Amino acid sequence: MPRKVILDCDPGHDDAVAILLAYGNPEVELLAITTVAGNQTLDRTTLNARRVCTVAGIRDVPVAAGCDRPLLRELITAAHVHGESGLDGPSWPEPDVPLADVHAVDLIIDLLLASDREVTLLPTGPLTNIALAVRREPRIVSRVQEVVLMGGSATRGNQTPAAEFNVLVDPEAAAIVFEAGWPLTMVGLDLTRQARVTPEVLNRLLRLGSPLSRVVVQMLEAYRDHHRRQSVDPPGLHPGIWPGELEREPPLHDPCAVARVIEPTCVECVEAFVAVETQGRWTSGMTVTDFRPSPGRPFNARVATRLDVDRFWDLVVSAVERVGLDAARSGGSTA
Ligand code: RIB
Ligand code: CA
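Position one of the sequence shown corresponds to residue 1411 (our numbering), numbered consecutively onward.
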């Protein structure tokens, strides 16, 4: 029985591949794609979600826009990673996938309350929509099978030494999500840094030979080039200290969370206590992670630690192949 999933995202190159992986794997029934401000402004992340659905021929999944800013803070975006468009690389066609006439938070709540089975929430952007949904309708906590989110880090951040981007954009929202009491898996940088877009991966995608796979390669080459432009590994650091955030091949973060939903054995996890720092001048957005049990402070998260890298890329490539073949049949329109 496929798992019902709502993907809340901020496309973003890795979000785009997460959409294709979620839609292209039979273990997932994608109920909705909801968008949030993060990698770029909401209008751009939403346009990008519709662009991806257009070229992939995804026309049976509602796309709904959510929050255009964090709960309290000013929005920060990531043009240095994803470009001004938020999805640099391909020349995208005009999207022909409509935008649902409902706010993402309302759609998330409605789908959760209406579902006859528990639903998995799969956030791959800042957690603003998810936090507002649980604040507006606390009953959804019992309707959620699990929250599997891409975000956080048990070690170093990527936007600051302490904080990973998704959590840093809206730490207050992240704190609400981590404290809600639902089953939660944190697929953070410690895991996603293992998912590097290598030349071998790009060649495997290119060999698929479909219009969609060519678009995916164009996306990932642009993503890699942005990554390399900001790379400056500090000299003399032991590799064990500096997590290789600025290695030449970029990490593809968001599909790792989808892979955890599809095939849990592909993403090993360890129970932990995770708290989100919201007050620190230098540490706001840090996901303070303690793997040690402590009386009176129960573990509240599974933290992803080890990726089966070969299996992960097999899942990604086969999903792009499957969606690409279907798109060719159903008229997915590439530029
Ligand atoms: O830190 C990486 C995360 O931030 C990814 O989800 C990326 O898409 C950005 O949203
Ligand atoms: Ca993202």
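Even for Gly, the Cβ is constructed at its ideal location relative to N, Cα and C. It should be emphasised that the depicted structure is a prediction, and the values quoted were computed from it without experimental measurement.
Within the stretch 1542-1624, the beta strand (DSSP E) runs of at least 3 residues that lie entirely inside it are, in chain order, 1554-1560, 1594-1597. Every beta strand (DSSP E) of 3 residues or more that sits fully in the stretch 1640-1721 is shown, in chain order, as 1677-1686, 1697-1700, 1711-1717.
Beta-bridge partners assigned by DSSP to C1477: none are found. The C-beta distance from A1475 to L1509 rounds to 6 Å, short enough to fall under 8 Å. CA-to-CA, the gap between V1626 and P1705 works out to about 48 Å. Exclusion of the five residues before and after A1541 leaves A1583, I1586, V1587 as the residues of its chain whose Cβ lies within less than 6 Å of its Cβ.
The Cβ atoms of D1580 and T1538 lie closer than 8 Å to each other. Secondary structure at A1447: coil, using DSSP grouped into helix, strand and coil. Scanning A1432, V1713, F1709, L1485 for the CA closest to the CA of L1452 turns up L1485. Boundaries around I1518 are those of the alpha helix (DSSP H), 1514-1524, since no beta strand (DSSP E) includes it. Among the bridge pairs identified by DSSP, A1442 is matched with I1416. In this structure, L1430 places its C-beta atom within 8 Å of the C-beta atom of V1733.
In this structure F1575 is buried. Its beta-carbon is surrounded by 16 or more other beta-carbon atoms within 10 angstroms. By the beta-carbon neighbour count (other beta carbons within 10 angstroms, threshold 16), D1470 is exposed. Rounded to whole angstroms, C1463 and A1432 show a C-alpha spacing of 12 Å.
For L1509, there is no enclosing alpha helix (DSSP H), as DSSP marks it with neither H nor E.
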